[in-house]
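The structure under discussion appears below in the form of structure tokens.
In the numbering used here, the protein residues as written are -7 to 719.
In structure tokens form, the structure reads like this:
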């Protein structure tokens, strides 16, 4: 580890080395030696460790890189050496990185406010300020008692009610390298606010309660909890804590200004494949506590109005049945998925018998042909029989592919609020009147820098998988910058896990590639939820390889149809999408020119065999339990670290976060070490580990853009599209 220690000294003593365009020949001899050493790829030492299961022995030479304390000097020295090497190799495109960063930031209206939401006697909204990384949480009094309509507008100006800043995250973030608020909850009477704060990126939160007007703290903070917090009346909070492997396992009741040690545990989930979640009903009369695994969930409810705060079973624990709940009047509305109703059914359950819901309506969010749709139905009067939903009004959307998500709405109104965007349409907030069908745009994000949506084209295409399944893709390009003859560079993105839908939403950063002639594509591969529950089931467990072959099929289809060529095809995925990157690079390294694997889950077999690692036990129903022989060998067949071999690989950038609780930094570190050992050829292999962040990289809104700029500079460099650096 001598190299790592020297690298640390150089990084501290020679910061100008990477900010200048000079070559090593222009440096003094000592600096030339330093440059040469920094430009040499770090080589992790080998410490063989045998891992045996089912009579199969694997040798892991880099297991030592795992340090749960994240403090071992040798490990940190190796990570710093990797960072230094990456900075050295990327130093010749630092100006390009800065140029891209400036472009992305120039598209942002830095001083802005979000769409105000009317709740009770206040409008609530977030404000951003020029040059500031974080938001201010604000509110103004509503100057009228008139009901909420789609035409409701928050007054501003000198005669409007005063704007009150409840919380300024910029102030709270001072002195912290990382700062994130995971929850911001106003009490029912509007007098107090509870917020959950993370200052490391490890997603372990501290909750503070403040007076909404004065900002003064109320009681002592709650330590070591998740971001799941809800008010149970004006003087109680309900929150969730985690066990030693960061599994949300206990739900607690806290009385304000009492000690956390005196809090009451309402439920303890002892099954380590299940985790707890928490939400408030739209009516604000009930809290729902969900205990769920990857294919089963059941619900408790808590009646907020009752003096005795106890959980009551709403839906039972039945293997293979998933349930979520809402409330209105004298009924719970339950969405239930089962073998009989594979893509869910909606049922009403009377309260005395024991999704977005409104007092007189229900808004149903569904999916059709891989895209979301929203249908509003009018409900019978409270107390009348409900029957089947009929006569719904579907909301129309203009783009061929898009993303729509529910926003918080007012339960007592006929207005449903939703968030809409597409790859060419900036993020927009609409209020939709479910009686009249009128939709009113409340806010569209301003995109500066000369952005004109009419310059861009979005398309929906389908690729045939190896088994004949049609895989949807969403495509974005600038029509005056592409040839569509196979000569255009492309960035192909994929995820394909956890039933997560990667819908085609707007992204400011990607226009720095698209405006340079790139075609940007999302492959909606199996393992996600875009095409329904079966789409997910066909890309998990013993069907997981479908995810990878789907992605390869999309790449081949795009090449065959002249959207790109192998020589200009770049791919990108994060987390479980990083697993996708690692798998397809082992399977078809010839197909791609550049790959970016962000915080990648690449040491699948070793991680899933270790129940002490966060997420392992709860994800046996996602990937499989390799303690069972059938799953062991199937997972071994695709686990990226276990399948790295002596062959040529594309140019690769791998990223990690030291404090990441979801994918341990050691997985990408080991993956890179093994690639360095075995790969042939001279293509780039860079590893960048954020030493002060977690799974989601840095926390500031501008800091995050730096990662995009760095990634795009790497892609352009690897493609030979970066401007030549001046000597």
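Ideal Cβ positions, reconstructed from N, Cα and C, are used throughout, including at glycine. Keep in mind the model is a prediction, meaning the values are calculated, not measured.
Where residue i falls, given that 16 or more other Cβ within 10 Å makes a residue buried
i: residue 224; result: buried
i: residue 446; result: exposed
i: residue 242; result: buried
i: residue 578; result: buried
i: residue 618; result: buried
i: residue 547; result: buried
i: residue 323; result: buried
i: residue 556; result: buried
i: residue 334; result: exposed
i: residue 135; result: exposed
i: residue 702; result: buried
i: residue 704; result: buried
i: residue 39; result: exposed
Through-space distance from residue j to residue i, alpha-carbon basis
i: residue 123; j: residue 102; result: 7 angstroms
i: residue 433; j: residue 78; result: 45 angstroms
i: residue 139; j: residue 405; result: 7 angstroms
i: residue 117; j: residue 400; result: 12 angstroms
i: residue 328; j: residue 291; result: 11 angstroms
i: residue 46; j: residue 560; result: 42 angstroms
i: residue 710; j: residue 415; result: 25 angstroms
i: residue 364; j: residue 310; result: 28 angstroms
i: residue 296; j: residue 453; result: 49 angstroms
i: residue 698; j: residue 444; result: 24 angstroms
i: residue 633; j: residue 664; result: 9 angstroms
i: residue 177; j: residue 44; result: 48 angstroms
i: residue 69; j: residue 62; result: 11 angstroms
i: residue 396; j: residue 425; result: 16 angstroms
i: residue 143; j: residue 483; result: 41 angstroms
i: residue 108; j: residue 281; result: 29 angstroms
i: residue 708; j: residue 84; result: 12 angstroms
i: residue 645; j: residue 164; result: 33 angstroms
Selected residue, minimal CA-CA separation from residue i, among the options
i: residue 611; options: 284, 34, 554, 77; result: 284
i: residue 428; options: 470, 385, 395; result: 385
i: residue 263; options: 668, 279, 286; result: 286
i: residue 195; options: 204, 36, 179, 232; result: 232
i: residue 747; options: 205, 380, 417; result: Residue 747 lies beyond the residue range present for the chain, which begins at -7 and ends at 719; the question has no answer from this structure.
i: residue 114; options: 137, 412, 98, 640; result: 137
i: residue 247; options: 281, 212, 277; result: 212
i: residue 121; options: 161, 303, 226; result: 161
i: residue 505; options: 91, 41, 57; result: 91
i: residue 260; options: 616, 234, 278, 251; result: 234
i: residue 652; options: 64, 257, 502, 192; result: 192
i: residue 278; options: 336, 318, 590, 332; result: 318
i: residue 340; options: 60, 375, 571; result: 375
Cross-strand partners of residue i (DSSP beta bridge)
i: residue 567; result: According to DSSP, which records beta bridges pairwise, residue 567 is partnered with nothing at all.
i: residue 294; result: 279
i: residue 323; result: 320, 342
i: residue 431; result: 424
i: residue 299; result: Partner(s): none; residue 299 has no beta bridge.
i: residue 117; result: 130
i: residue 647; result: 590, 680
i: residue 707; result: According to DSSP, residue 707 bridges with nothing at all.
i: residue 156; result: 131
i: residue 464; result: 454
i: residue 209; result: 202
i: residue 244; result: 231, 257
Three-state class that DSSP yields for residue i in the structure shown
i: residue 180; result: coil
i: residue 252; result: helix
i: residue 378; result: coil
i: residue 556; result: coil
i: residue 70; result: helix
i: residue 574; result: helix
i: residue 78; result: helix
i: residue 628; result: helix
i: residue 702; result: helix
i: residue 166; result: coil
i: residue 619; result: coil
i: residue 90; result: helix
i: residue 482; result: strand
i: residue 714; result: coil
i: residue -2; result: Any reading at residue -2 must be qualified, since the residue scores a pLDDT of 25, below 50, and its modelled position is unreliable; the value itself is stated next. Here residue -2 sits in helix by DSSP.
Below-8 angstroms beta-carbon distance, residue i vs any chain B residue
i: residue 441; result: Considering every chain present, this structure includes no chain B. It has just one protein chain.
beta-carbon residue i near the ligand FAD non-hydrogen atom, thresh 7 angstroms
i: residue 120; result: In terms of ligand content, the structure shown is empty, and the ligand FAD therefore cannot be addressed.
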